[in-house]
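**Q** In the order they appear, the protein sequences are chains A and B.
Residue numbers for the first sequence follow our numbering, so the first one is 1 and each next one is one higher.
Residue numbers for the second sequence follow our numbering, so the first one is 459 and each next one is one higher.
Cβ atoms here follow ideal geometry from the backbone N, Cα and C, with glycine treated the same way.
Since the structure is predicted, the reported quantities are computational estimates derived from the model, not experimental observations.
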Amino acid sequence: MLRLFASHHGEPTFARGGIHPDEHKELSADHAIEPFVPRSVTVPVSQSLGAPSVPVVKKGDRVVRGQLIASDEAGGVPVHAPVSGIVKSVDRGIHPVLVLDMAITIEAREQEDEPTFQEQPGWETLPREELLERIRVAGVVGLGGATFPTYRKLMLPDDAEVDTLIINGSECEPYLTCDYRLMLEQAEAVVLGAWLIAKIIGVPRCLIGIEDNKADAGAAMTAAIERLALDRSDHPVAMEVVVTQTKYPQGSEKQLIQALTGRLVPQRGLPMQVGIVVQNVATAFACLEAVRNRKPVIERVVTVSGRGIHEPKNLRVPVGTMIQPIIEACGGFDDEVVKVLAGGPMMGRALADLNAPVTKGTSGLLFLTRAETNLDRYQPCIGCGECLDVCPLGLEPNKVSQYVEVGRALETEEFGPLECFECGCCSYSCPSNRPLVQFMQVAKAAYRHEAAKQRTHA
Amino acid sequence: MSMPEPHLYLSTGPHIRRGRTTADIMWLVNLSLAPALLWAVLVFGWPVLGITLSAIAGCALAEHLACKVRGTDSTVYDGSVVCTGLLLAYTLPPGIPLWMPFVGGALGVFFAKTVFGGLGYNIFNVALVGRAIMMATFPVEMTTTWLTPGFGQIGGVDALSGATPLVSLTGGPEAVEAAIVGLPEGMSEGLAFLLGLRPGSVGEVSVLMIVAGAGFLLWQKIIKLTIPLSVLGGALLMSPWSPDPVLYMLSGGLWLGAFFMATDYVTSPSTLKGQIVFGVGIGLLTGMIRNWGGYPEGICYAILLMNTMTPALEEWFRPPRTAPKGTPS
Ligand code: SF4
Ligand code: SF4
Numbered sequence: 001m002l003r004l005f006a007s008h009h010g011e012p013t014f015a016r017g018g019i020h021p022d023e024h025k026e027l028s029a030d031h032a033i034e035p036f037v038p039r040s041v042t043v044p045v046s047q048s049l050g051a052p053s054v055p056v057v058k059k060g061d062r063v064v065r066g067q068l069i070a071s072d073e074a075g076g077v078p079v080h081a082p083v084s085g086i087v088k089s090v091d092r093g094i095h096p097v098l099v100l101d102m103a104i105t106i107e108a109r110e111q112e113d114e115p116t117f118q119e120q121p122g123w124e125t126l127p128r129e130e131l132l133e134r135i136r137v138a139g140v141v142g143l144g145g146a147t148f149p150t151y152r153k154l155m156l157p158d159d160a161e162v163d164t165l166i167i168n169g170s171e172c173e174p175y176l177t178c179d180y181r182l183m184l185e186q187a188e189a190v191v192l193g194a195w196l197i198a199k200i201i202g203v204p205r206c207l208i209g210i211e212d213n214k215a216d217a218g219a220a221m222t223a224a225i226e227r228l229a230l231d232r233s234d235h236p237v238a239m240e241v242v243v244t245q246t247k248y249p250q251g252s253e254k255q256l257i258q259a260l261t262g263r264l265v266p267q268r269g270l271p272m273q274v275g276i277v278v279q280n281v282a283t284a285f286a287c288l289e290a291v292r293n294r295k296p297v298i299e300r301v302v303t304v305s306g307r308g309i310h311e312p313k314n315l316r317v318p319v320g321t322m323i324q325p326i327i328e329a330c331g332g333f334d335d336e337v338v339k340v341l342a343g344g345p346m347m348g349r350a351l352a353d354l355n356a357p358v359t360k361g362t363s364g365l366l367f368l369t370r371a372e373t374n375l376d377r378y379q380p381c382i383g384c385g386e387c388l389d390v391c392p393l394g395l396e397p398n399k400v401s402q403y404v405e406v407g408r409a410l411e412t413e414e415f416g417p418l419e420c421f422e423c424g425c426c427s428y429s430c431p432s433n434r435p436l437v438q439f440m441q442v443a444k445a446a447y448r449h450e451a452a453k454q455r456t457h458a
Numbered sequence: 459m460s461m462p463e464p465h466l467y468l469s470t471g472p473h474i475r476r477g478r479t480t481a482d483i484m485w486l487v488n489l490s491l492a493p494a495l496l497w498a499v500l501v502f503g504w505p506v507l508g509i510t511l512s513a514i515a516g517c518a519l520a521e522h523l524a525c526k527v528r529g530t531d532s533t534v535y536d537g538s539v540v541c542t543g544l545l546l547a548y549t550l551p552p553g554i555p556l557w558m559p560f561v562g563g564a565l566g567v568f569f570a571k572t573v574f575g576g577l578g579y580n581i582f583n584v585a586l587v588g589r590a591i592m593m594a595t596f597p598v599e600m601t602t603t604w605l606t607p608g609f610g611q612i613g614g615v616d617a618l619s620g621a622t623p624l625v626s627l628t629g630g631p632e633a634v635e636a637a638i639v640g641l642p643e644g645m646s647e648g649l650a651f652l653l654g655l656r657p658g659s660v661g662e663v664s665v666l667m668i669v670a671g672a673g674f675l676l677w678q679k680i681i682k683l684t685i686p687l688s689v690l691g692g693a694l695l696m697s698p699w700s701p702d703p704v705l706y707m708l709s710g711g712l713w714l715g716a717f718f719m720a721t722d723y724v725t726s727p728s729t730l731k732g733q734i735v736f737g738v739g740i741g742l743l744t745g746m747i748r749n750w751g752g753y754p755e756g757i758c759y760a761i762l763l764m765n766t767m768t769p770a771l772e773e774w775f776r777p778p779r780t781a782p783k784g785t786p787s
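1) Should A:A445 go down as buried or exposed, given a rule of 16 or more other Cβ atoms within 10 Å for buried?
2) Ignore the nearest five residues each way along the sequence and tell me which others in A:R128's own chain have a CB closer than 8 Å to its CB.
3) On the DSSP letters alone, give me the boundaries of the beta strand (DSSP E) that A:V277 sits inside.
4) Since A:Y248 sits in a beta bridge, which residues does DSSP pair it with?
5) Keeping to the same chain, check which residues put their C-beta closer than 6 Å to that of B:T570; ignore five residues upstream and five downstream.
6) State the Cα-Cα distance for the pair B:M558 and A:P12, rounded to the nearest angstrom.
7) Where DSSP assigns a beta bridge to A:R62, which residues make up the other side?
8) Would A:S401 count as contacting chain B if we go by Cβ distances under 9 Å?
9) Using a Cβ-Cβ cutoff of less than 7 Å, which residues in the same chain neighbour A:R3 once the five nearest sequence positions on both sides are dropped?
10) Would you verify that the beta carbon of A:Q258 is, or is not, closer than 9 Å to some beta carbon of chain B?
11) Would you tell me roughly how many angstroms separate the C-alpha atoms of B:E647 and B:P607, rounded to the nearest one?
12) Is it buried or exposed, B:V598, if we count other Cβ atoms within 10 angstroms and call 16 or more buried?
13) Of all Cβ atoms in chain A, is any one closer than 9 Å to the Cβ of B:T542?
14) Is the beta carbon of B:L690 less than 9 Å from the beta carbon of B:M707?
15) Given that B:R528 touches chain A, what residues does it touch there, using C-beta distances under 9 Å?
16) Sorted by chain position, which residues of the same chain lie with C-beta nearer than 8 Å to A:G374's C-beta, five sequence neighbours on each side aside?
17) So does the stretch 527 to 534 of chain B actually touch the stretch 560 to 568 of chain B, counting three or more Cβ pairs closer than 8 Å?
18) Tell me the rounded alpha-carbon separation between A:G60 and A:I86.
19) Using a beta-carbon distance below 9 Å, is B:T479 in contact with chain A?
20) Once DSSP output is grouped into helix, strand and coil, what is the label at B:K682?
21) Could you say which of A:L156, A:A224 and A:E161 lies nearest to A:L184 if we only look at CA atoms?
22) So is A:K444 in contact with chain B if we call contact Cβ pairs under 9 Å?
23) Going by beta-carbon coordinates alone, are A:P266 and B:G784 separated by less than 9 Å?
24) Going residue by residue through the stretch 383 to 437 of chain A, where are the continuous alpha helix (DSSP H) segments of at least 4 residues, counting only ones entirely within it?
25) Taking only beta-carbon atoms, is A:K25 less than 9 Å away from chain B?
26) Residues of chain B with CB closer than 8 Å to the CB of A:A15, please, in chain order.
27) From A:P35, A:L395 and A:V304, pick the residue whose C-alpha is nearest to that of A:L368; which is it?
28) With 9 Å as the C-beta to C-beta threshold (strictly closer), list the residues of the stretch 722 to 733 of chain B near chain A in chain order.
29) Determine the DSSP secondary structure at A:D30, reduced to helix, strand or coil.
30) Tell me which same chain residues have a C-beta within less than 6 Å of the C-beta of B:G745, skipping the five on either side of it?
31) Apply the 10 Å Cβ neighbour rule to A:Q279 and answer buried if 16 or more other Cβ atoms are within range, or exposed otherwise.
32) Quick check: does the Cβ of A:P392 come within less than 8 Å of any heavy atom belonging to ligand 1?
33) State the Cα-Cα distance for the pair A:E396 and A:N213, rounded to the nearest angstrom.
34) Look up A:H80 in the DSSP assignment and say whether it is helix, strand or coil.
35) Taking 9 Å as the CB-CB cut-off, is B:P654 touching chain A?
36) Please go through the same chain and pick out, in chain order, the residues whose beta-carbon is closer than 6 Å to the beta-carbon of A:T412, but skip the five residues on each side of it.
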């Protein structure tokens, strides 16, 4: 109510809820992307949501950088050798999301016949099918963290009426700066990647959403758009950077769509239903490399940060790089560290130990000290309504938590657990520190379990 | 390089929190109640401090024992019982014997909070239940131990015989005049009520001090204006039935109730519409009780009555979903 006048110079944002956590981006924002190559990599074969890919190499094989090592014939996405070397094992390893999964370990060795991924002439005029195919075989997935196979997202059904591509440069999670650095350092490549995607889905308009705490990245992108003049290309696309307010979760698809276009994706619906496709900036960059250089996704930029790491950095590392060598490359860490996260502090995953590799979806590795994380106990709901005010979707996590606590998870559907996208605004704000996201997950799981039971009994 | 393996904690996100805890909020509320207490000490003398401490002690003892019996950590320091004690004391006449607030506080916490399961599970405003118990237990002291306000009399304040001035607001203008005694000479009644230079309960006499504290809570975004404005609006709707609408709006704990009691998180609804209905209901009931029932501090009962409706209001008025219903895909 009192916020009416604080509308941040009229910049757009989503209409409801959201939070302003401390950004901590200054820890790593000014560190240019540095390459880092470890002595060996352990690549989980499951790099996307859905079925794992099938290994096509065996122990002792010699591989070159970019060579296929797991295929998508049984689902999943193709996985490629991030470094040249010798396959040491094809075995069960540790995966940050799936915890235990098949992984291929490669010991790095220089190889003479290593591909250099030069630009391939004529890529601009390839037909749509070829563009999609190159993106598929390169194993491109949503690099914002969702890891959904990109070619599947871009293969729209025939009746889809899409008119706008949104490129997500919001990077609203605290600490993370990998997308910011990419936009600053590779603005033209990101813009070209966006144009390619617009061409594939056949839309004339592309909006690039960037929060106002990254105004310089926005300026770099705008300058790149002007230089490239893609509105006069063979597939003209009107491209525009839209600077939004800095507010979490500005980078969530539905919130970004609302901020940039005013359109509301229906509950449990897809952006496509309101004529929009959203892709992250790193994904756009990967699409360009897949098409222009025929370079598969074998590396990614990872923000290594947190008060617990001595030298925060933005590292470009091969997929499968283990956390230990990354820590060494960043000057080691404090013994004050109590949590290590893959991803941001709002939606990232806490790791059980340091024996885990970077995957295509790892945007950050955060080493959080006791002072900057939350290990407090939780208390009963005091009914302050804060969680209701901050939920971007208008859900009622307070109610869900109270029902779940007394074992009535299956009576919570009307309060929205099935729609909850686990942004964490509610838990973050709760003065009683209630783990509301977790309660939402419990309710969700109960419904899933119930649905499975119904199916088996039917 | 060998590295120490740290002890890592696991949990789902988010891994950071805003940092304002329930205890922080309660202590900020307590702080916001300070101006009213300072004023009371100034115009009624030191005994009101005794009353306040006695009420807090009663509340704290009951809470502490409850935690002991339940085998949990004592929640005395979370600020919530102190808040209850303060609010209870603020509704009492400044000349009440010091041991009575202790009893009221202890019984209030026990019956309104402990038996419901502690903070967060109570249905009624705990301080107001304590007050209701005291009204039933000490009816004479609760209605006759008024003091005449005035500066420079911190050592000894004149006792005022007779009922609280507001009782007579039901009896027509002459009765009002007759009842309002102890105002500073030459000061208009409205101004005296606004400043708090009139006989009344410990913490509710000065509308100005209450508004100052409330302003702090609004600034800190601990309360919103929805409930207080609804309460005041509802009360205003009933003002035509009052013999003196100005004094009616400035007295009887209306402002203390509107900003500090009706806004109690646990016992009030949390959605906009629910809060409006809740607040207006309190205002209307307050007016009814005071103008027709002749019971001066009607807001206490009005809040307790509307507390009973909170679960229903939570059920009826739900936050609106941001997005329209869709076909699941
Ligand atoms: S985690 Fe779910 S319930 Fe909580 S704020 Fe986000 S969408 Fe709403
Ligand atoms: S924020 Fe926490 S305490 Fe407040 S209503 Fe929500 S769950 Fe309850």
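**A** With the structure as the only source:
1) exposed
2) K199, I200 and G202
3) I276 to N280
4) A:I19
5) Strictly speaking, residue 570 of chain B in this sequence is Ala, with Thr absent from that position. Cβ within range, chain order: N580, F582, V584 and V587.
6) 57 Å
7) A:I86
8) no
9) Unreliable placement is indicated for A:R3, whose pLDDT of 41 sits below 50; no coordinate value is reported for it.
10) yes
11) 14 Å
12) exposed
13) no
14) yes
15) Under the 9 Å cutoff, chain A gives no residues; its nearest Cβ is about 13 Å from B:R528.
16) Here residue 374 of chain A turns out to be Asn, not Gly, going by the sequence shown. Contacts found: N433.
17) no
18) 6 Å
19) yes
20) coil
21) A:A224
22) no
23) yes
24) 386 to 390, 397 to 405 and 425 to 429
25) no
26) T780
27) A:V304
28) D722, Y723, V724, T725, S726, P727, S728, T729 and Q733
29) coil
30) A693 and M696
31) buried
32) yes
33) 30 Å
34) strand
35) According to the sequence displayed, residue 654 of chain B carries Gly and not Pro. Output row for B:G654: interface = no.
36) V400, Y403 and A443
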